[in-house]
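A short write-up of the structure that comes next.
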Amino acid sequence: MSVTDPAVAPSWPLAASHARPRGRRQVRGWLLPAVDIAVLALLIPLTGAAWLLGAGYALAALAVLAAQGQHRLRICLRVSDQLPQLAIAAGAPLVVLLPWFSGGALFMLGVWGAVGLLVARAGLYSALRAGYRRRILNEPTLILGTGSLAGEIADMATERPEFGLRPQSLGRADELAKVVAAQGITRVLVCADGGRDADLVAVIRACRPLAADVCVVPRLHELGMALPRASMDELWGVPLIPLRRFGHSRAGALVKRAVDIVLSGLMLVVLGPLLALLAAMVGLSGRGRTFFRQPRVTRAGRTSDVIKLRSVKTEFEVDGDLGRCWAVTADQCTALGRWLRRTHLDELPQLINVLRGEMSLVGPRPERPYYAMRFGREIPRYADRHRIPGGMTGWAQVQGLHGDTSIPDRARFDNQYIEYWSPWWDVVIVARTVAIVIRAVALIGVRPQRRAGGKSTAAPPVPGIGQPASAHHIRITHRYQG
1 MSVTDPAVAP
11 SWPLAASHAR
21 PRGRRQVRGW
31 LLPAVDIAVL
41 ALLIPLTGAA
51 WLLGAGYALA
61 ALAVLAAQGQ
71 HRLRICLRVS
81 DQLPQLAIAA
91 GAPLVVLLPW
101 FSGGALFMLG
111 VWGAVGLLVA
121 RAGLYSALRA
131 GYRRRILNEP
141 TLILGTGSLA
151 GEIADMATER
161 PEFGLRPQSL
171 GRADELAKVV
181 AAQGITRVLV
191 CADGGRDADL
201 VAVIRACRPL
211 AADVCVVPRL
221 HELGMALPRA
231 SMDELWGVPL
241 IPLRRFGHSR
251 AGALVKRAVD
261 IVLSGLMLVV
271 LGPLLALLAA
281 MVGLSGRGRT
291 FFRQPRVTRA
301 GRTSDVIKLR
311 SVKTEFEVDG
321 DLGRCWAVTA
331 DQCTALGRWL
341 RRTHLDELPQ
351 LINVLRGEMS
361 LVGPRPERPY
371 YAMRFGREIP
381 RYADRHRIPG
391 GMTGWAQVQG
401 LHGDTSIPDR
411 ARFDNQYIEY
421 WSPWWDVVIV
431 ARTVAIVIRA
441 VALIGVRPQR
451 RAGGKSTAAP
461 PVPGIGQPAS
471 AHHIRITHRY
481 QG
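This is how it looks when you write it as structure tokens:
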């Protein structure tokens, strides 16, 4: 299969599919968690520990195993590679529980927990290898690539049944989702030995929404990489790098949504009086609406009406996308509006969007439909930002990529956030955003000010208003554009 085949990715990237995997894929996903739960549950009667202590230890150990990625069923079933992580998972809960329970009972739980996890994994892996050698449990596998390495990988998978792979054929890259669903594919191996990097990334990202385990054979794989063996995989001496699944899975989406609900709800309670005061000030500052709604593109190309406090004078308001005007000058804003924009407090009502599920607290800042479509055509990887819901703030914004900054740079940071998302990263970004807002309020003061000359930095020409500008050098010159 050629990674240069067309139509690998749609105009709007597929949002992460949360359809439940079926059959063998479902069994593979729950096999290791089920074994670990059974082992940790047996510790309670085995050690005579109190139910509360045993349950707390089991939950903490399972959380550590999940965070380490140890519930992924590896291709290379070698338990020695996982021994340090299993020891950490068995020992880390002791530190948390020690202040509340006696040391002797905890020590026994830790020792038996480590032994139980190790023995259970070793037994499970032995049983799986026996089934693989008889070719009764081998998983349908797609190998993507056109070079000699892809052929070698296919030969290894066929000649070494103990790795549990059964290579399947694939015609065109745009048939990937169809083939995975029709043939019950559980694993995809991507060989990075040919084709342009841009095409390779498109193929890999097309794999991400699928209910299949995806591994990449790294370029220069003969050289050692600064990665722990437990985080990698292997096929007969060839290293494999598994792609992160949690952030693109149903579980990851549920965790992110739970964090959004909790934090946005708390922030609305705490900041509700401030929001009410600002809304009253906007209402008293002149004619027009207190709140302004504007369609923005979020996940998978869908649009949502983003709520902001009105900051533009009534005579300059245009429903929808402000006549495709790229930037708003200072003269078009009210005195209060200029202050709201500089402190970013005009975006506080978007907490309501977050609570309603139309946005996330953290994610790529959504853009208006016209510019989202335009940038998607002109800027590589820009459309990939729409794999998740848009956010009030984002990784790009806390790097200072707002205002007069590069849109390609924003797309790069937004996609980095999507690929490496974690709940802790969301907390860090929210905390940094709060610090930025507090600093802006402290530096600007509470009195609305005008810029020198009464205007913001000049905006580039836009369609219908002067000459069109390339999306690569458009700089957002006002906070109005997010």
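Numbered by UniProt numbering, the letters in the sequence shown go through residues 1 to 482 in order.
We put the CB at the ideal spot given by N, CA and C, even for glycine.
Note that this is a predicted model, so its numbers are computed, not measured.
Whether residue i touches residue j by CB criterion (9 Å)
i	j	result
residue 139	residue 28	yes
residue 407	residue 370	no
residue 357	residue 293	no
residue 188	residue 143	yes
residue 297	residue 359	no
residue 212	residue 186	yes
residue 311	residue 334	yes
residue 77	residue 164	yes
residue 216	residue 120	no
residue 200	residue 214	no
residue 423	residue 368	no
residue 307	residue 366	no
residue 410	residue 364	yes
residue 299	residue 394	no
residue 444	residue 342	yes
residue 32	residue 85	no
residue 192	residue 229	no
residue 92	residue 41	no
residue 278	residue 309	yes
residue 282	residue 337	yes
residue 117	residue 106	no
residue 252	residue 421	yes
residue 46	residue 112	yes
residue 115	residue 88	no
residue 274	residue 351	no
residue 344	residue 429	no
residue 149	residue 137	no
residue 176	residue 210	yes
residue 141	residue 161	no
residue 74	residue 245	no
Buried or exposed (CB count within 10 angstroms, at least 16 for buried), residue i
i	result
residue 203	buried
residue 130	exposed
residue 59	exposed
residue 145	buried
residue 48	exposed
residue 132	buried
residue 346	buried
residue 169	exposed
residue 536	The structure shown does not extend to residue 536, since the chain is modelled only from 1 through 482, so no value can be given for it.
residue 362	buried
residue 320	Summary for residue 320: the model assigns pLDDT 44, below 50, so the residue's position carries little reliability; its value from the coordinates is reported in the next sentence. Exposed, because fewer than 16 other Cβ atoms sit within 10 Å of the Cβ of residue 320.
residue 260	buried
residue 205	buried
residue 134	exposed
residue 442	exposed
residue 237	exposed
residue 109	buried
residue 157	buried
residue 377	exposed
residue 269	exposed
residue 208	buried
residue 434	exposed
residue 34	exposed
The ligand SAH heavy atom lying under 8 Å from the CB of residue i
i	result
residue 181	With respect to the ligand SAH, the structure offers nothing, as it holds no ligand at all.
Paired residues, beta bridge with residue i - DSSP
i	result
residue 287	For residue 287, which the question treats as bridged, DSSP gives no partner whatsoever.
residue 309	291
residue 139	165
residue 187	141, 213
residue 234	239
residue 272	Paired residues: none, contrary to the question.
residue 490	The structure shown does not extend to residue 490, since the chain spans only 1 to 482, so no value can be given for it.
residue 367	297
residue 303	297
Can at least three beta-carbon pairs, one atom from the stretch 344-363 and one from the stretch 264-275, be found at a separation below 8 Å? yes
Is the stretch 49-58 close to the stretch 120-136, with three or more CB pairs under 8 Å? no
Taking one C-beta from the stretch 388-405 and one from the stretch 226-236 each time, how about it: are there three or more such pairs within less than 8 Å? no
Quick test of the definition: if touching needs 3 or more C-beta pairs under 8 Å, does the stretch 407-420 touch the stretch 376-391? yes
Ordered list of alpha helix (DSSP H) runs contained in the stretch 76-102, each at least 4 residues: 83-97
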